[in-house]
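Number of protein chains: 2
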Amino acid sequence: MGILVIGSVAFDSVETPFGQVEEVLGGSGTYFSTSASFFTDVRLVAVVGEDFPPEHLEFLRSRGVDLSGVKTAPGRTFRWKGRYGYDLNEAQTLDTQLNVFAAFRPELPTGFEDAEYIFLANIDPELQMEVLRQVRRPRLIACDTMNYWIGGKREALLQTLKSVDTLVINEGETRQLAGEANLVKAARAVLAMGPKTLVVKRGEYGVLMFTEHSVFSAPAYPLESVFDPTGAGDTFAGGFIGYLAATGNLSEHNIRRGIVFGSVMASFTVEDFSLNRLRTLHHDEIQDRFRQIKLLTEFNVEE
Amino acid sequence: MGILVIGSVAFDSVETPFGQVEEVLGGSGTYFSTSASFFTDVRLVAVVGEDFPPEHLEFLRSRGVDLSGVKTAPGRTFRWKGRYGYDLNEAQTLDTQLNVFAAFRPELPTGFEDAEYIFLANIDPELQMEVLRQVRRPRLIACDTMNYWIGGKREALLQTLKSVDTLVINEGETRQLAGEANLVKAARAVLAMGPKTLVVKRGEYGVLMFTEHSVFSAPAYPLESVFDPTGAGDTFAGGFIGYLAATGNLSEHNIRRGIVFGSVMASFTVEDFSLNRLRTLHHDEIQDRFRQIKLLTEFNVEE
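If you read the sequences in order, they're chains A and B.
Going by the working numbering, the first sequence opens with residue 306, and the numbers climb by one from there.
Going by the working numbering, the second sequence opens with residue 306, and the numbers climb by one from there.
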């Protein structure tokens, strides 16, 4: 089965109330791939600069990620710098240097066009469409986006959304995309744009999934120490789509389970800077936290 | 079984993006009693001014609320004025006139001292203690408070909390009371102050319940139109404690169900100004929405 993901590989510099790091491994493609690699095979399409250290590529390779679609281009790797206050739900971007990412045009290596599960991480919607033109008959196309594209490339984004099965965005993006303050109404408007499933990320408040006929609410795992929220959303998507690809089952029951696995993966990522927590994560820890979320949400209709 | 509640009966003036009302029926005691009256008998202890119209008392009486503990005092009824923006999670208080509430000393009528279920709505913690001194052997003491008392009457509040079984407060109050930004750590600190159960209200994000050994997460019912959040917290508490009193069962399973019934009741209150929605509410609507929350949260661990 396996997943094809297009996204960024980056250096992040992050400041939180609990510490700070400089130029650590980051990027949507990195977080997604690493998270999904706990469930299935992953093929990553991305670009890095000449300054990108071989040990980072080695880490992804050790997770079984196929890097034949990762190009090294002349110049520096994409860099992001951000800060979080005690309200860890919102990052303040201090600096963005696109570098080699500015001229990035996704080109799929031979063989990648057969991908059945595709995740288009948060990049220019025109590039997202370019990827879709290169694939044959995917079973599932999932996609992320952000306020920058919703505001600045709305027409291209709406075009992309027509081909997307599952849109994974946050609350503010849902409201902005729909132009509607009420989340339930906004979700309905977004579903009318194309996606059959809308997954709304709400940080520490969990996830709401909307389809035409149903709503599913999954809590975030309540953590005693949230260290750095960077990458939580892409880690969520990696666990979610990774589980769907691994099981090959797109029923709503399975989508709900996938969303919970995504939440579990995100709960680990935020426990440390960069992908550090995922580097030491074991499958039994994932299963254990999945069962804990089950207990967390359980109530019986009758005695 | 039945419940004894001490709280305010008030006139509210409210402005939301969807409309505004002047001097409508409100107050923590009013919302709590009306909500709980769908589950069990309620006895209300409160004070109103000479300007309080008989039809409001008649409404509470029609809901089966015992008003023998509601005094009419010389002067004007308590008044609150507030405004909500599109972010309906936070009210901006424009004006508070305590009026007859300023000199309120709760005095329980004969017979009320046998109360088994007690809810101390958000009033001065010294008055909350005065109520507890007047009751004999309650099975459950639940209580609410607010930033004003957490900051200004901390010692008295900590004294009250030693006698409280179930504390029902919001997220910000939990953090303030514990002096801790992380909610899980804050909850643990609050439990160490006395309550065996802490129920944290998070508005449209639902409720988190903490005990020494478990956490329960209940979503809010996703509404297409939230009209006026005033009274949602007290309505929640009324449904929650009302269900516990009606069933006489304080097991964790039943507490979880009670929390969901509380969420259901709150979801109705916010659909209209004042208690208007509760005036037309039927039991089958409550049961129906309870089942919908069950469907909303359900996922299976295995296929």
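Heads up, the beta-carbon is just placed ideally off N, CA and C, and yes, glycines get one too.
Compare the beta carbon distance of threonine 377 (chain B) and phenylalanine 357 (chain B) with 8 angstroms and say whether it is the shorter of the two.
Here the question's residue 377 (chain B) lines up with position 72 in the second sequence. Here the question's residue 357 (chain B) lines up with position 52 in the second sequence. Closer than 8 angstroms, so yes.
Give the secondary structure of threonine 602 (chain A) by DSSP, where H, G and I count as helix, E and B as strand, and everything else as coil.
Within the first sequence, numbered from 1, the residue matching residue 602 (chain A) stands at position 297. Residue state, collapsed to three classes: helix.
Taking 8 angstroms as the threshold (beta carbon to beta carbon), is tyrosine 548 (chain A) in contact with chain B?
The residue you call residue 548 (chain A) lines up with position 243 of the first sequence. Not an interface residue.
For the alpha helix (DSSP H) containing tyrosine 422 (chain A), name the first residue and the last one.
Taking the first sequence and counting its residues from 1, one reaches residue 422 (chain A) at position 117. Note, tyrosine 422 (chain A): premise wrong, no alpha helix (DSSP H); beta strand (DSSP E) at 422 to 425.
Using the beta-carbon of each residue, which ones in chain A are nearer than 7 angstroms to leucine 528 (chain B)?
For the purposes of this step, residue 528 (chain B) is taken as residue 223 along the second sequence, with counting starting at 1. Simply Val489.
Buried or exposed, going by whether 16 or more other CB atoms sit within 10 Å of the CB of valine 606 (chain B)?
Indexing the second sequence from 1 puts residue 606 (chain B) at position 301. Its Cβ having fewer than 16 others within 10 Å, valine 606 (chain B) is exposed.
When you check each C-beta in the segment 380 to 404 of chain B against every C-beta of chain A, which residues fall closer than 9 angstroms?
Taking 9 angstroms as the upper bound on Cβ-Cβ separation, chain A lies near residues Tyr391, Asp392, Leu393 of the segment 380 to 404 of chain B.
When DSSP builds the beta bridges, which residues end up paired with alanine 408 (chain A)?
Position 103 of the first sequence, counted from the first residue, corresponds to residue 408 (chain A). None; alanine 408 (chain A) has no bridge partner.
Close-in-space but distant-in-sequence residues of the same chain around glutamate 303 (chain B) (CB under 7 angstroms, 5 per side omitted)
Nothing about residue 303 (chain B) can be reported from this structure: the residues present for chain B run from 306 to 608 only.
Would asparagine 452 (chain A) count as contacting chain E if we go by Cβ distances under 8 angstroms?
This model lacks chain E altogether; the protein chains it does include are A and B.
So, at 6 angstroms on beta carbons, what are the nonlocal neighbours of serine 342 (chain B) in its own chain, with the 5 sequence-adjacent residues on each side left out?
As a position in the second sequence, residue 342 (chain B) is number 37, starting the count at 1. Correct list, in chain order: Arg368, Gly369, Val370.
When you compare only the Cα positions, how much space is there between alanine 447 (chain B) and glycine 416 (chain B)?
For this step, residue 447 (chain B) is matched to residue 142 along the second sequence. For this step, residue 416 (chain B) is matched to residue 111 along the second sequence. Rounded to whole angstroms, alanine 447 (chain B) to glycine 416 (chain B) spans 20 angstroms at the Cα level.
Quick check: the segment 468 to 477 of chain A against the segment 498 to 518 of chain A, are there 3 or more CB pairs under 8 angstroms?
yes
With 16 other Cβ atoms within 10 Å as the buried cut-off, status of aspartate 419 (chain A)
Translated into the one-based positions of the first sequence, residue 419 (chain A) becomes position 114. With fewer than 16 Cβ atoms within 10 Å of its Cβ, aspartate 419 (chain A) is classed as exposed.
What residues from chain B crowd round serine 522 (chain A), counting only those whose CB sits closer than 7 angstroms?
Residue numbering aside, residue 522 (chain A) sits at position 217 when the first sequence is read from its first letter. Listed along the chain, the chain B residues whose CB falls inside 7 angstroms of the CB of serine 522 (chain A) are Pro524, Leu601, Thr602.
Can you tell me whether leucine 330 (chain B) is helix, strand or coil according to DSSP?
In the second sequence, counting from the first residue as 1, residue 330 (chain B) sits at position 25. Correct three-state label for leucine 330 (chain B): strand.
Taking the straight line between their C-alpha atoms, what separation do you get for glycine 538 (chain A) and lysine 506 (chain A)?
Position 233 of the first sequence, counted from the start, is the residue given in the question as residue 538 (chain A). Position 201 of the first sequence, counted from the start, is the residue given in the question as residue 506 (chain A). Annotation: glycine 538 (chain A) to lysine 506 (chain A) spans about 7 angstroms, alpha carbon to alpha carbon.
Mind checking if alanine 486 (chain A) is an interface residue toward chain B, Cβ cutoff 8 angstroms exclusive?
Taking the first residue of the first sequence as position 1, residue 486 (chain A) is located at position 181. Yes, contact with chain B.
Tell me the rounded alpha-carbon separation between valine 575 (chain B) and serine 519 (chain A).
By one-based count along the second sequence, residue 575 (chain B) stands at place 270. By one-based count along the first sequence, residue 519 (chain A) stands at place 214. For valine 575 (chain B) and serine 519 (chain A), the distance between alpha carbons rounds to 22 angstroms.
How about leucine 513 (chain A): is its C-beta nearer than 8 angstroms to some C-beta of chain B?
The residue labelled residue 513 (chain A) in the question sits at position 208 within the first sequence. So, interface residue.
Can you name the start and end residues of the alpha helix (DSSP H) that methionine 570 (chain A) belongs to?
Residue numbering aside, residue 570 (chain A) sits at position 265 when the first sequence is read from its first letter. First-last of the alpha helix (DSSP H) with methionine 570 (chain A): 557 to 574.
Between A:Thr540, A:Gly563, A:Gly536, which has its C-alpha nearest leucine 549 (chain A)'s C-alpha?
Taking the first sequence and counting its residues from 1, the one referred to as residue 549 (chain A) is at position 244. For leucine 549 (chain A), the nearest C-alpha among the options comes from A:Gly563.
Could you tell me which of A:Tyr422, A:Lys386, A:Gly456, A:Ser373 sits nearest to proline 411 (chain A), measuring between CA atoms?
Taking the first residue of the first sequence as 1, we reach residue 411 (chain A) at position 106. The shortest Cα separation from proline 411 (chain A) among A:Tyr422, A:Lys386, A:Gly456, A:Ser373 belongs to A:Ser373.
Is DSSP giving glutamate 435 (chain B) helix, strand or coil here?
Here residue 435 (chain B) is taken as the residue at index 130 of the second sequence, counted from 1. Glutamate 435 (chain B) falls in the helix class under three-state DSSP.
Classification of tyrosine 391 (chain B) by the beta-carbon crowding that lies within 10 angstroms, buried from 16 upward
What you label residue 391 (chain B) is simply residue 86 of the second sequence in a count that begins at 1. Tyrosine 391 (chain B) is exposed by the Cβ-count criterion.
Taking only beta-carbon positions, decide if histidine 558 (chain B) is within less than 8 angstroms of chain A.
Residue numbering aside, residue 558 (chain B) sits at position 253 when the second sequence is read from its first letter. It does; some Cβ of chain A falls within 8 angstroms.
I want to see whether chain B comes within less than 8 angstroms of asparagine 475 (chain A), judged by CB atoms only; does it?
In the first sequence, residue 475 (chain A) corresponds to position 170, counting from 1. By this cut-off, asparagine 475 (chain A) is not an interface position.
Express the C-alpha separation of arginine 384 (chain A) and valine 326 (chain A) in angstroms, rounding to a whole number.
Counting from 1 along the first sequence, the entry for residue 326 (chain A) is found at position 21. Counting from 1 along the first sequence, the entry for residue 384 (chain A) is found at position 79. Using only the alpha carbons, I get a separation of about 13 angstroms.
Every unbroken alpha helix (DSSP H) inside the segment 478 to 532 of chain B [4 residues or more]
488 to 496
What does the Cβ neighbour count give for threonine 592 (chain B), buried or exposed, with the cut at 16 atoms within 10 Å?
Looking up residue 592 (chain B) in the second sequence gives position 287. Before going further, note that residue 592 (chain B) is glutamine rather than threonine in the sequence given. Residue burial is scored here from C-beta neighbours: glutamine 592 (chain B) has fewer than 16 other C-beta atoms within 10 angstroms and is therefore classed as exposed.
Along chain A, in chain order, which residues have C-beta atoms closer than 8 angstroms to that of arginine 292 (chain B)?
An answer regarding residue 292 (chain B) cannot be provided, because it is not within the stretch 306 to 608 covered by chain B.
Determine whether the Cβ of asparagine 427 (chain B) lies closer than 8 angstroms to any Cβ atom of chain A.
The count along the second sequence starts at 1 and reaches residue 427 (chain B) at position 122. It does not; no Cβ of chain A falls within 8 angstroms.
Leaving out five residues on either side along the sequence, give the residues of the same chain with a beta carbon under 7 angstroms from the beta carbon of phenylalanine 541 (chain B).
What you label residue 541 (chain B) is simply residue 236 of the second sequence in a count that begins at 1. Contacts found: Lys506, Gly567, Ser568, Met570, Ala571.
Where glutamate 509 (chain A) falls, given that 16 or more other Cβ within 10 Å makes a residue buried:
Translated into the one-based positions of the first sequence, residue 509 (chain A) becomes position 204. Glutamate 509 (chain A) is buried by the Cβ-count criterion.
Note down the Cα distance separating methionine 498 (chain B) from alanine 525 (chain A), rounded to an integer number of angstroms.
Reading the second sequence from its first residue, position 193 is the one you call residue 498 (chain B). Reading the first sequence from its first residue, position 220 is the one you call residue 525 (chain A). Straight-line measurement puts the Cα of alanine 525 (chain A) at about 26 angstroms from the Cα of methionine 498 (chain B).
Helix, strand or coil at alanine 447 (chain B) [DSSP, three-state]:
Translated into the one-based positions of the second sequence, residue 447 (chain B) becomes position 142. Three-state DSSP puts alanine 447 (chain B) in a strand.
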